[in-house]
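Reading through the structure tokens given below for one structure.
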Amino acid sequence: MPLVEITVPEGTLSEAAAEVLQQQVADSVLKAMELPRTDFFTAATWVYVREAAKGLATTGAGTPPGVLVVVTPLEGFLTPERNEALSAEVTGWVREATGPDTVVWLVVNEVPEGNWAVNGGLTRRAKIDEFVAEAEAEAEAAKAGRAGLGG
Numbered sequence: 002m003p004l005v006e007i008t009v010p011e012g013t014l015s016e017a018a019a020e021v022l023q024q025q026v027a028d029s030v031l032k033a034m035e036l037p038r039t040d041f042f043t044a045a046t047w048v049y050v051r052e053a054a055k056g057l058a059t060t061g062a063g064t065p066p067g068v069l070v071v072v073t074p075l076e077g078f079l080t081p082e083r084n085e086a087l088s089a090e091v092t093g094w095v096r097e098a099t100g101p102d103t104v105v106w107l108v109v110n111e112v113p114e115g116n117w118a119v120n121g122g123l124t125r126r127a128k129i130d131e132f133v134a135e136a137e138a139e140a141e142a143a144k145a146g147r148a149g150l151g152g
């Protein structure tokens, strides 16, 4: 939560470029979902880069496809406006890694409440909202502590 799958034609990315792209896309997805960049949320954001072997991916015209990015979040975190911003940002990261002419498809598949489980238990929006509130409270406390030290 969220899960991101990036499919690229074989040989498109070096391992180092894939690692950078994974981090960039993870950060973009967290930002679009308005989730804090805490240890909990970054660890719960999974990004896979998969290569499609030559000859195993094509368009209807018989040409190699571009890059497919599938983002799977819990329902309700992404609005059409956030999806549009996410698409633009992720397309930029992909093109930075693969070239300016790469065709990039971004598909968002929202998972309805009650249909995502982790370690045998359902992941609920209310629990995620609790984690967000805790992270915000910790950030405010840290900010207040720094302000007290400096002023």
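Sequential numbering from 2 applies to the sequence shown in this note's numbering. Each residue gets a CB set at the ideal place from its N, CA and C atoms; glycine is no exception.
So, at 6 Å on beta carbons, what are the nonlocal neighbours of LEU107 in its own chain, with the 5 sequence-adjacent residues on each side left out?
Here residue 107 is taken as the residue at index 106 of the sequence shown, counted from 1. VAL70, SER88, VAL91.
Which residue marks the beginning of the alpha helix (DSSP H) containing ALA53, and which one marks its end?
Here residue 53 is taken as the residue at index 52 of the sequence shown, counted from 1. Segment 47-53 is the beta strand (DSSP E) holding ALA53; no alpha helix (DSSP H) there.
Rounded to whole angstroms, what's the CA-CA distance from ALA134 to THR73? Just pull it up for me.
Start at 1 with the first residue of the sequence shown, and residue 134 comes out as number 133. Start at 1 with the first residue of the sequence shown, and residue 73 comes out as number 72. Each residue's CA atom was taken as its position, placing ALA134 and THR73 some 22 Å apart.
Tell me whether GLY149 sits in a helix, a strand or coil according to DSSP, three-state version.
Indexing the sequence shown from 1 puts residue 149 at position 148. It is helical.
In this structure, what does DSSP give as the bridge partners for VAL7?
Looking up residue 7 in the sequence shown gives position 6. Here the sequence assigns Ile to residue 7, which means Val is not the residue at that position. According to DSSP, ILE7 bridges with VAL50, VAL70.
Sequence-distant residues of the same chain with beta carbon closer than 8 Å to PRO113, five excluded per side
By one-based count along the sequence shown, residue 113 stands at place 112. The beta carbon of PRO113 sits closer than 8 Å to those of GLU76, all from its chain and outside the five residues before and after it, given in chain order.
Excluding the five sequence neighbours on either side, which residues of its own chain have a C-beta within less than 7 Å of the C-beta of PRO3, listed in chain order?
Taking the sequence shown and counting its residues from 1, one reaches residue 3 at position 2. Around PRO3: VAL30, MET34, THR46, VAL72, THR73, PRO74.
Quick check on ALA98: buried or exposed, where buried means 16 or more other Cβ atoms within 10 Å of its Cβ?
Within the sequence shown, residue 98 is the residue found at index 97, counting from 1. Its Cβ being crowded by 16 or more others within 10 Å, ALA98 is buried.
Would you give the residue range spanned by the alpha helix (DSSP H) that LEU79 belongs to?
Taking the first residue of the sequence shown as position 1, residue 79 is located at position 78. Per DSSP, LEU79 belongs to no alpha helix (DSSP H) and is neither H nor E.
Boundaries of the beta strand (DSSP E) in which LEU107 is found, first to last residue:
Numbered from its first residue, the sequence shown carries residue 107 at position 106. Note, LEU107: beta strand (DSSP E), 105-109.
Rounded separation between THR43 and GLY56 - CA only
On the sequence shown, position 42 is the one that residue 43 refers to. On the sequence shown, position 55 is the one that residue 56 refers to. For THR43 and GLY56, the gap between their C-alpha atoms comes out near 34 Å.
Let me know if PRO81 comes out buried or exposed under the rule of 16 or more other beta-carbons within 10 Å of its beta-carbon.
Along the sequence shown, one-based indexing puts residue 81 at 80. When all chains shown are included, PRO81 counts as exposed.
In the DSSP output, which residue or residues are listed as bridge partners for LEU123?
Along the sequence shown, read from residue 1 onward, the residue named residue 123 stands at position 122. Beta-bridge pairing by DSSP links LEU123 to ALA118.
Checking 8 Å against the spacing of the C-beta atoms, do TRP94 and LEU22 come in under that value?
Reading the sequence shown from its first residue, position 93 is the one you call residue 94. Reading the sequence shown from its first residue, position 21 is the one you call residue 22. With respect to LEU22, TRP94 sits close: the two C-beta atoms are nearer than 8 Å.
Cα separation between ALA127 and VAL5?
Locating residue 127 in the sequence shown gives position 126, where the first residue counts as 1. Locating residue 5 in the sequence shown gives position 4, where the first residue counts as 1. Going by the C-alpha atoms only, they are around 22 Å apart.
Does the Cβ-Cβ distance between PRO65 and PRO10 come in under 8 Å?
As a working mapping, residue 65 is identified with position 64 in the sequence shown. As a working mapping, residue 10 is identified with position 9 in the sequence shown. The answer is yes: Cβ separation under 8 Å.
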